[in-house]
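Presented below is the structure to which this report refers.
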Amino acid sequence: MEFDQVDRKLLYLLQTDSKVTTKSLSVQLNLSVTAVYERVKKLEKSGVIEKYVAVINKEKINKSFVVLCHIKLLKHSNEYITKFESEVVQLHEVLECFNVSGDYDYILKVVVRNMKAYREFINEKLTKIQYIGSTHSTFIISELKYTNQVEL
349 MEFDQVDRKL LYLLQTDSKV TTKSLSVQLN LSVTAVYERV KKLEKSGVIE KYVAVINKEK
409 INKSFVVLCH IKLLKHSNEY ITKFESEVVQ LHEVLECFNV SGDYDYILKV VVRNMKAYRE
469 FINEKLTKIQ YIGSTHSTFI ISELKYTNQV EL
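Numbering (our numbering), first residue to last: 349 to 500.
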């Protein structure tokens, strides 16, 4: 999909604050409220804008222990991959799951309360998923950059 300068700015503004009013956007974009509304609806309908979310401060909800958990499957059969993927997406502690190339097959971004909670997650949930050959955990010491904004 091609974007003009107005679409680019509109998407930037919505990524910065999705609760901004259509009226405020119209002032910033020098367009009518109707024109902004129609552009937003077009971006939503085309799937460019998938959804609107609230970004939660993990420390305020006492879930600031972030781990990148690398997973290696026992083998790369369709059965193993399908089973693993269908089960791992059900785990609430897993915020993101990436199928990757290299030494491991998947990288999970896991968020829990503390090390004890992570140990419980590994022992009581993750290792119950069949076909996992090995795991490797990397603990996040500090977060230098976090964004959901995609530059166009």
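All residues carry an ideal CB built from backbone N, CA and C; glycine is no exception.
Keep in mind that this is a model prediction, so the values were computed, not measured.
*What are the start and end residues of each continuous beta strand (DSSP E) run of 3 or more residues lying completely inside the region 436 to 495, in chain order?*
With a minimum length of 3 residues, the continuous beta strand (DSSP E) runs that stay inside the region 436 to 495 are 442 to 447, 454 to 460 and 480 to 487.
_Please give me, in chain order, every unbroken run of the beta strand (DSSP E) with length at least 3 that falls completely inside the region 381 to 434._
413 to 421
*Have a look at T370, L474, H424 and Q376 and flag the residue whose alpha-carbon is nearest the alpha-carbon of V448.*
Reading the sequence shown from its first residue, position 100 is the one you call residue 448. The option with the nearest alpha carbon to V448 is H424.
*If we ignore side chains and look at the alpha-carbon of each, how far apart do F487 and M349 end up?*
For the purposes of this step, residue 487 is identified with residue 139 of the sequence shown, where counting begins at 1. For the purposes of this step, residue 349 is identified with residue 1 of the sequence shown, where counting begins at 1. Near 38 angstroms, if we compare the C-alpha coordinates of M349 and F487.
*Within this structure, are the beta carbons of I477 and V415 separated by less than 8 angstroms?*
By one-based count along the sequence shown, residue 477 stands at place 129. By one-based count along the sequence shown, residue 415 stands at place 67. No, the Cβ-Cβ distance between I477 and V415 is not below 8 angstroms.
_Whole-angstrom distance between D365 and A402, CA atom to CA atom_ = Counting from 1 along the sequence shown, the entry for residue 402 is found at position 54. Counting from 1 along the sequence shown, the entry for residue 365 is found at position 17. C-alpha separation (whole angstroms): 10 angstroms.
*asked:* Determine whether the beta carbon atoms of S412 and K420 lie at a separation below 8 angstroms.
replied: By 1-based counting over the sequence shown, the position of residue 412 is 64. By 1-based counting over the sequence shown, the position of residue 420 is 72. Result no, Cβ atoms of S412 and K420 do not sit closer than 8 angstroms.
*asked:* Quick check on the burial criterion: 16 or more other C-beta atoms within 10 angstroms. Buried or exposed for E444?
replied: Here residue 444 refers to the residue found at position 96 of the sequence shown. Looking at its Cβ environment, which holds fewer than 16 other Cβ atoms inside 10 Å, E444 is exposed.
_Check whether F384 and L391 have beta carbons under 8 angstroms apart_ = In the sequence shown, the residue the question calls residue 384 occupies position 36. In the sequence shown, the residue the question calls residue 391 occupies position 43. Residue identity differs from the one stated: residue 384 is Val in this sequence, not Phe. Contact flag unset, no.
*Starting from D355 and walking both ways along the alpha helix (DSSP H), at which residues does that stretch end?*
As a position in the sequence shown, residue 355 is number 7, starting the count at 1. Where D355 is concerned, the enclosing alpha helix (DSSP H) stretches over Q353 to T364.
*Taking just the CA atoms, how far does R387 sit from D451?*
The residue you call residue 451 lines up with position 103 of the sequence shown. The residue you call residue 387 lines up with position 39 of the sequence shown. Whole-angstrom Cα-Cα distance: 44 angstroms.
*How close, in whole Å, do the beta carbons of Y479 and F432 come, if the pair is a contact with beta carbons under 8 angstroms?*
Here residue 479 refers to the residue found at position 131 of the sequence shown. Here residue 432 refers to the residue found at position 84 of the sequence shown. About 5 angstroms separates the two Cβ atoms, so the contact holds.
_Three-way DSSP call (helix, strand, coil) for T370 in this model_ = Residue mapping note: residue 370 aligns to position 22 of the sequence shown, counting from 1. T370 falls in the helix class under three-state DSSP.
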